[in-house]
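Everything in the sequence shown is counted per this note's numbering, starting at 207 for the first residue and increasing by one.
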Amino acid sequence: MSASDNPALAGATGIVAIDLAALAANWRALAKLVAPADCGAVVKADAYGLGAVEIIPALERAGCRTFFVATPDEAAEARALALDAAIYVLDGLVSGGVPTLLAANARPVLSSLAEAREWAAVAGRAPAAVHVDTGLNRLGMPPEEWAAFAADASLRRRLDLRLMMSHLACADDPAHPMNQAQRSAFESARTRLPDSPASLAASDGLMLGPEYHYDLVRPGYALYGGQAAQRSRAPVSPVVTVKARVLQVREVPAGATVGYSATYTARTLRRIATVAAGYADGFARGTGVSLDEGTGRPGGAVSIRGVRAPVVGRVSMDLITVDVTDVPGSPIACGEWAILIGQGLSLEDVGAGAGTIGYEVLTRLGRRFYRLYV
Ligand SMILES: *Cc1c(COP(=O)(O)O)cnc(C)c1O
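So this is what it looks like as structure tokens:
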């Protein structure tokens with residue numbers, strides 16, 4: 207739908223358009239790729255900033271039956287949206303948190319013996335998962351603790367374990383030796399719990415091949431159109447388009463500066479467009495790398511009429527300034543759209559322009575833009 211078809215959008219200064227059909231197609235493509243393994247969906251952080259309220263039902267309609275969130279609050283929200291799905295809570299069990307998880311009929315991913323004992327004592331045989339650390343050193347039981355857990359037959363009898371999982375550190379680099387090392391560690395952890403379904407791979411890990419799929423894969427970023435690993439591209443298409451209006455266009459003479467702190471100086475006469483998006487909308491302040499700052503990385507750009515226009519000067523809360531001197535054709539007019547994400551500007555491009563990754567770009571998208579689910 208274009209802005210002109212929808213009166214609510216006519217005056218919008220910025221739009222985040224989320225293509226739910228592309229999202230569903232992405233989930234189905236990954237599910238097909240990993241079959242006979244199951245494909246879940248990671249919907250933590252409000253479905254990576256895209257809105258769990260819309261994303262979870264769309265994924266459920268596509269066939270997804272297993273969701274991963276980070277926190278108990280996210281689990282409660284997901285439960286209201288997906289009554290029959292399995293919902294796993296990646297942060298595990300915070301002491302005292304059993305009732306909250308039970309109320310959401312959610313399954314903690316137990317990360318330690320202490321968590322496993324508390325769940326067994328308080329939740330009885332409500333389903334849960336366990337996390338074994340295979341080298342990320344972030345969450346999960348390290349090998350000795352895993353051995354102790356596996357050896358405690360009475361504890362395990364009091365648990366209904368539906369999944370054992372681990373998480374890869376370097377799966378975005380298919381050649382990295384950590385991948386094989388962690389898979390070996392996972393294999394050896396599995397010998398102690400041979401009957402449990404297993405899960406190792408996220409978006410990048412599932413591209414490493416069937417030996418990484420086990421019983422269930424846990425993609426997040428790829429579902430939303432992200433390419434977690436540049437050298438093994440997932441069979442997914444973009445889901446998000448972000449655009450904002452050009453508010454003004456002006457000529458800036460050689461020697462004049464643009465924006466706060468005057469970080470950008472025009473070397474020649476430039477045509478500068480001011481666009482209605484800023485750091486409050488998730489467009490990182492550091493994106494507006496000045497040509498004179500010499501930060502050693504290319505700055506960000508927006509796309510206007512299909513041409514990349516570099517962001518110049520500081521990004522402010524509500525506005526960015528872009529150099530449109532080289533956009534051909536008639537002068538850019540007020541009210542034209544600048545594409546910030548999409549239409550050839552990938553999440554990875556935008557992340558690189560901001561000195562971060564596409565994941566952070568997605569999860570920081572602001573709440574101010576009009577959200578359009580198509
Ligand atoms: C966030 C997360 C995922 C999903 O990762 P993506 O790279 O977005 O696919 C999977 N597993 C765990 C443990 C996570 O924390």
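Glycine is no exception: its CB is placed at the ideal position from the N, C-alpha and C atoms.
Counting every other CB atom within 10 Å of its CB across the protein chains shown gives Asp-279 a total below 16, marking it as exposed. The beta carbon of Gly-564 sits closer than 6 Å to the beta carbons of Gly-432, Leu-553, Glu-554, Gly-557 from its chain, once the five residues preceding and following it are set aside; these are given in chain order.
Here the region 449 to 458 lies against the region 540 to 551, with 3 or more beta-carbon pairs under 8 Å apart. Within the chosen limit of 8 Å, ligand 1 reaches the beta carbon of Met-371 through at least one heavy atom. Distances taken from the Cβ of Arg-424 to the heavy atoms of ligand 1 include one shorter than 8 Å.
A straight-line Cα-Cα distance of about 18 Å links Trp-233 and Asp-290. Taken from the Cβ of Ser-409, at least one heavy atom of ligand 1 lies inside 8 Å.
Counting only the Cα atoms, Leu-429 lies some 22 Å from Ala-560. Around the beta carbon of Glu-350, fewer than 16 other beta carbons lie within 10 angstroms, which makes this residue exposed. Around the Cβ of Thr-397, a 10 Å sphere holds fewer than 16 other Cβ atoms; the residue is exposed. In summary, Val-222 is buried, with 16 or more beta-carbon neighbours lying within 10 Å of its beta-carbon over all protein chains present. Taking Cys-245 as reference, the option from Arg-331, Leu-236, Pro-348 with the minimal CA-CA separation is Leu-236. If you draw a straight line from the Cα of Arg-456 to the Cα of Ala-214, it is about 29 Å long. At a Cβ-Cβ threshold of 9 Å, Thr-527 and Gly-465 count as neighbours. By the neighbour-count criterion, in which 16 or more other beta carbons inside 10 Å mark a residue as buried, Thr-474 falls on the exposed side. DSSP places Leu-367 in the uninterrupted beta strand (DSSP E) bounded by 366 to 371. When secondary structure is reduced to three states using DSSP, Met-347 falls in the strand class.
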